[in-house]
Amino acid sequence: MSWTWTMREIRVFSLFSGVGGFELGFPQGWEMVGFSEVDRYASSVLKYRFPNTRNYGDCRTIKWEEVPDFDLLVGGSPCQDFSIAGKRRGLGGSRSVLAWEFIRGLRSKKPAHFIWENVK
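Offset between the sequence shown (1-based) and the working numbering: plus 766.
Set out below in structure tokens:
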């Protein structure tokens, strides 16, 4: 199965944004409607790169009904509990519980697409 994005404007929300690595690969014309990042240094990079985009901060406190609608949710939640290098606690681990926040965003906003990234 293959699919392609049309070049129309896609509205994107990014969870666990870091310095905006996901966003570097998006075509021009895609609109960032919001971020969720708590690290102050990463947040300062996001503010510089996307000065007109709101950082909603801690994903656990986002009121999704207040977030503008978007077509694509992206994010890579902390993966230490999933990683083969970690303790493999899965969704029961203290860091992996943030994956549920990604799912909460999906359930609340129902975007047409999502990309959830994890490393081996």
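We put the beta carbon where it would ideally sit given N, CA and C, even for glycine.
Just curious, the beta strand (DSSP E) that residue i is in, first and last residue?
{"i": "G841", "result": "838-841"}
{"i": "L812", "result": "Premise fails: L812 lies in the alpha helix (DSSP H), 806-815, not in any beta strand (DSSP E)."}
{"i": "G800", "result": "797-802"}
Residue i and residue j: beta carbons closer than 9 Å?
{"i": "P877", "j": "D835", "result": "yes"}
{"i": "R815", "j": "G786", "result": "yes"}
{"i": "S813", "j": "N821", "result": "Checking the sequence shown, residue 813 turns out to be Lys, not Ser. Yes, they are a contact pair."}
Could you name the residues of the same chain whose beta carbon sits closer than 6 Å to that of residue i, not counting the 5 residues immediately before and after it, in chain order?
{"i": "G842", "result": "F782, E883"}
Below 8 Å on the Cβ atoms is my guess for residue i versus residue j; work out the distance and round it to an integer in Å.
{"i": "M798", "j": "T827", "result": "About 20 Å; that fails the 8 Å criterion."}
{"i": "F880", "j": "L839", "result": "4 Å"}
Going by beta carbon distance, what residues of the same chain come within less than 7 Å of residue i, once the five residues before and after it are set aside?
{"i": "V804", "result": "G823, D824"}
{"i": "W796", "result": "E775, I776, V778"}
How far does the alpha helix (DSSP H) with residue i in it extend, from its first residue to its last?
{"i": "R873", "result": "865-875"}
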